[in-house]
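A.B. asks: Residue numbers for the sequence shown, in this note's numbering: 390 to 473.
Think of the CB as a built atom: it goes at the ideal place given N, C-alpha and C, for glycine as much as any other residue.
Quick one: the structure is below, and I'll ask about it shortly.
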Amino acid sequence: MPFGPNGRRCRVCGCTQANACAGGCSWEDEDLCSTCHAAAIEVAGWLMEAVRPSWAALRREAERIAGDTPIPYALTEKGKAHAR
Ligand SMILES: [Zn+2]
Ligand SMILES: [Zn+2]
């Protein structure tokens, strides 16, 4: 997987300038894109508020929601969130 033209690559999802997230993203940090930054903020809130946060359960739920989305999501490129 080549690096973007300017060498930046999201440390979470691996998107680059040339291969941005499906909904489009921008740089929130040196190596963190806006898509992952927004997700991290959501997850941080969940971690602080949920009684007993379970990553497996959250991932299952997120994948269920993504599966219900009519737009095919491009998050599966690395096969990480690809359950089918
Ligand atoms: Zn990202
Ligand atoms: Zn991105």
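1) Please give me, in chain order, every unbroken run of the alpha helix (DSSP H) with length at least 4 that falls completely inside the stretch 409-448.
2) Hey, how far is the Cα of A455 from the Cα of D418?
3) Helix or strand or just coil, what does DSSP make of S398?
4) Nearer than 7 Å: is that true of the beta carbon of V432 relative to any heavy atom of ligand 1?
5) If you count every other CB in all the chains shown that lies within 10 Å of the CB of T474, and 16 or more means buried, which is it?
6) Using only alpha-carbon positions, find the residue among L421, G412, G413 and C414 that is nearest to A398.
7) Rounded to the nearest angstrom, what separates G468 and C410 at their Cα positions?
C.D. replies: A quick look at the data gives this:
1) Annotation note: the stretch 409-448 contains the following uninterrupted alpha helix (DSSP H) runs of length 4 or greater, listed N- to C-terminal: 423-438.
2) Within the model, the alpha-carbon separation for A455 versus D418 is close to 25 Å.
3) Per the sequence shown, residue 398 should be read as Arg rather than Ser. Strand at R398.
4) Between ligand 1 and V432, a heavy atom-to-CB distance of less than 7 Å is absent.
5) A question about residue 474 goes unanswered here, because the residues of the chain that appear run from 390 up to 473.
6) Checking the displayed sequence, the identity of residue 398 turns out to be Arg instead of Ala. Checked all of L421, G412, G413 and C414; the closest Cα to R398 is L421.
7) Model confidence at G468 stands at a pLDDT of 49, short of 50, so the residue's coordinates are unreliable and nothing is read from them.
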